[in-house]
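Q: Chains as they are written, first to last, in the numbering used here: chain A, 1 to 295; chain B, 296 to 690.
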């Protein structure tokens, strides 16, 4: 076979290169550029070095919202993952019941973010919302627009309502992939229901759970629309998460420089957490196959 | 430990099967009565799809039969779940709990019955030694090879001593031949040590014969014969047994009571294949007398046909079609008046001619009416066996 060297073929890469440059590289570099300057207007900009970064790292408002963000993502995972598994375990496995439940579960996933926010905004109101009205009439003093804890819990509840289905559907598919022989063997070995879950179902759900945890972490870590529509970040800053703080800074106050520095730090945090997940998972797999070699 | 009795058992996988008598094709198992005695080593032998695994799953409780009863000793266990029946079962494909180590796998059934920890450890060691798994005890079960996994699954079946029975569903399918032989012997040893009823499903007659004292041969959802390997070989109750057991299987000669409708006094005691008349025994003549079926066959095993190059009294001419040398014997395929027959002769026997002479010794010439064996001298101590052979309803 004769290989004909033809460097003109590089031109074929050009459209893709232009596209990526236009949509990713140039904007990112612009952000880097902004983060190093203090910009007053289009013609007045001063180079400030790492000053914005230093400020970002010292900014207590950002610290608070970062903490809130981690607290929120953690709560989301702690509730949605076990709940999703539990729902998947209780789902019917065949017949029309199975399809019905699948459709019902998929419904929340089909609703646009800001609609979810609106639904809950009305649903949780004390005067006309069923949820808020019921709580108030049960004698619980609930008002998500004035009580920070109520607001935070409402946002969390909304996320659970919106996204637990995803975990449940993932787990459901994982459970269906377990061959019947395992359940039969467990019956023969007189395993209790708990033992079946712990030793057979859970280990075989591991792969889908990894995906579930990763998706739910990333989604909840960048949550914006729903709390924005529901509470607008309030009362006070109790439900202002990172993305909203950033948007306020960049567009609300037009602090382009600090916002750029902050968004790069945000980006690094996401990168770091993703890397942590990735290495943990690959490490888990390695230690699992580790004793394969010393046979 | 228990004697397992099956009463009028029938099973269909269809939602609405027809009546078992008029729609036998709806049933994987048909009206089956059988007793597996406590402490026996049994094999359930049959071709794929004959209902062996179904029967096994009914005994263990994984399947609930459409009709009939399963009894452990005198207790009807139909309603009991597999857990309550206290049975061990090893499946065709290895099932290991991959999140656990081998040791944890073996301990699992014991842990579930809440055996004290120290005792579990001893028991697990014992079984691991027996199946040569001691070296892998600390390994994750997930990382074992297929045959190792199957050993683990077998060990899990054997680890509980108090079980009513251990059921094996073709457990050696995935294991390579050398190890197969070894494991089969191991199972046999374990059976001798533990005195537990063991039921071994297989489609391999050699496997059945090495493992079991008695073999139940299944065909189309029925047990067509139950007996020792020797009985199955020498006295096949059903043409299918003759065909399935032995290698190659039995030769069958379709016969008629008389030659082309002619009644002739000198034909008494003889039957006909085309224009060849063959002598049958007194008891066979007796059985034939009351029969109106046209489905008559004589069966003889390739091993029992005597072949020579010289014509004798009672011998029949046949032409040689092919000769295969198979190491310890040669297999001669002959054309016996249009019927292909197989004859096994010693390797050292030499013959050159295209024509040979066959002798069918009368004690090995079996008469089958409607596929069932008839006209055999009654065996005294084999009650159920005798019943089976009369089951051919040749009225």
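A virtual CB, placed ideally from N, CA and C, is assigned to each residue, including glycine.
Which residue wins for smallest C-alpha separation from residue 594 (chain B), given the options B:605, B:575, B:458, B:610?
A: B:575
Q: Take residue 358 (chain B) and list the residues in its own chain whose beta-carbon comes closer than 6 Å to its own, dropping the five residues that flank it on each side.
A: 352
Q: Secondary structure at residue 639 (chain B), three-state DSSP: helix, strand or coil?
A: strand
Q: Compare the C-beta of residue 378 (chain B) with all C-beta atoms of chain D and state if any pair is closer than 7 Å.
A: The structure shown contains no chain D; the protein chains it does contain are A and B.
Q: Note down, in chain order, each residue of its chain lying with its Cβ closer than 6 Å to the Cβ of residue 551 (chain B), except the 5 sequence neighbours on either side.
A: 567
Q: Write down the C-beta distance between residue 654 (chain B) and residue 610 (chain B) rounded to the nearest angstrom, noting that I regard them as a contact closer than 8 Å.
A: 5 Å
Q: Less than 7 Å between the C-beta atoms of residue 458 (chain B) and residue 400 (chain B), yes or no?
A: no
Q: Tell me the rounded alpha-carbon separation between residue 424 (chain B) and residue 322 (chain B).
A: 43 Å
Q: Which residues in chain A have a C-beta closer than 8 Å to the C-beta of residue 407 (chain B)? List them in chain order.
A: 189, 190, 191, 192, 195
Q: Relative to the C-alpha of residue 236 (chain A), which residue among A:217, A:150, A:219 is closest?
A: A:150
Q: Taking 7 Å as the threshold (C-beta atoms), are residue 639 (chain B) and residue 597 (chain B) in contact?
A: yes
Q: Return yes when the Cβ of residue 591 (chain B) is within less than 7 Å of the Cβ of residue 510 (chain B), no when it is not.
A: For the 7 Å CB-CB criterion, residue 510 (chain B) and residue 591 (chain B) do not form a contact.
Q: Does the segment 67 to 84 of chain A come into contact with the segment 238 to 249 of chain A, if we say contact requires no fewer than three beta-carbon pairs (one atom in each stretch) closer than 8 Å?
A: yes
Q: Would you kindly work out how many angstroms separate the C-alpha atoms of residue 517 (chain B) and residue 539 (chain B), rounded to a whole number?
A: 15 Å
Q: Thinking C-beta only, is residue 5 (chain A) closer than 7 Å to residue 394 (chain B)?
A: No, the Cβ-Cβ distance between residue 394 (chain B) and residue 5 (chain A) is not below 7 Å.
Q: Would you kindly report the start and end of the unbroken beta strand (DSSP E) that includes residue 41 (chain A)?
A: 37 to 41
Q: Which first and last residues belong to the beta strand (DSSP E) in which residue 362 (chain B) is found?
A: Going by DSSP, residue 362 (chain B) is part of the beta strand (DSSP E) stretching over 362 to 367.
Q: So, does the CB of residue 357 (chain B) fall closer than 7 Å to a CB anywhere in chain A?
A: yes
Q: Reducing DSSP to helix, strand and coil, say where residue 239 (chain B) ends up.
A: Since the first and last residues shown for chain B are 296 and 690, residue 239 (chain B) lies out of range.
Q: Determine the DSSP secondary structure at residue 179 (chain A), reduced to helix, strand or coil.
A: coil
Q: Kindly indicate which residue of A:166, A:163, A:125 has the alpha-carbon position closest to the one of residue 147 (chain A).
A: If we check each option's Cα against that of residue 147 (chain A), A:125 comes out closest.
Q: Exposed or buried, residue 26 (chain A), counting other C-beta atoms within 10 Å across all chains shown (16 or more means buried)?
A: Per the 10 Å Cβ criterion, exposed.
Q: Nearest to residue 266 (chain A) by CA position, among A:38, A:36, A:207, A:63, is which residue?
A: Comparing Cα positions, the closest option is A:63.
Q: Take every Cβ of the segment 113 to 120 of chain A, pair it with every Cβ of the segment 191 to 202 of chain A, and state whether three or more of those distances are shorter than 8 Å.
A: Note that the segment 113 to 120 of chain A does not touch the segment 191 to 202 of chain A; fewer than 3 beta-carbon pairs, one per stretch, sit closer than 8 Å.
Q: With hydrogens ignored, establish whether the beta-carbon of residue 225 (chain A) is closer than 6 Å to any heavy atom of the ligand COA.
A: With respect to the ligand COA, the structure shown offers nothing to examine, as it has no ligands at all.
Q: Report the start-end ranges of each alpha helix (DSSP H) in the segment 337 to 362 of chain B that is 4 residues or longer and not cut off at the edges.
A: Runs of the alpha helix (DSSP H) inside the segment 337 to 362 of chain B: 347 to 355.
Q: Using the Cα positions of residue 286 (chain A) and residue 180 (chain A), report the straight-line distance between them to the nearest angstrom.
A: 28 Å
Q: Verify the CB distance criterion: does residue 293 (chain A) have a CB-CB separation below 7 Å to chain B?
A: Because the pLDDT at residue 293 (chain A) is just 42, under 50, the model does not fix this residue reliably, and the value given afterwards should be weighed accordingly. Answer no: the Cβ-Cβ gap between residue 293 (chain A) and chain B never drops below 7 Å.
Q: Looking at C-alpha atoms only, which residue of A:77, A:207, A:273 is the closest neighbour of residue 165 (chain A)?
A: A:77
Q: To be precise: take each residue of the segment 173 to 185 of chain A, compare its Cβ to all Cβ atoms of chain B, and keep it if any distance is under 7 Å. Which residues remain?
A: 181, 182, 184, 185
Q: Using the beta-carbon count (16 or more within 10 Å), is residue 346 (chain B) buried or exposed?
A: buried
Q: Identify each residue in the segment 361 to 386 of chain B for which the Cβ-Cβ distance to at least one residue of chain A is less than 8 Å, and report them in chain order.
A: Listed by position along the chain: 376, 377, 378, 381, 382, 383, 384, 386.
Q: What is the C-beta distance between residue 91 (chain A) and residue 120 (chain A), in whole angstroms, given that I count them as a contact (C-beta under 8 Å)?
A: Contact flag wrong, Cβ pair sits at about 25 Å.
Q: Name, please, each residue of chain A whose Cβ falls closer than 9 Å to the Cβ of residue 449 (chain B).
A: Those within 9 Å of residue 449 (chain B) in chain A number zero; the least Cβ separation is about 12 Å.
Q: Indicate whether at least one CB of chain A lies closer than 7 Å to the CB of residue 403 (chain B).
A: yes
Q: For residue 466 (chain B), is the classification buried or exposed, using 16 other Cβ atoms within 10 angstroms of its Cβ as the cut-off for buried?
A: Flag for residue 466 (chain B) reads buried.
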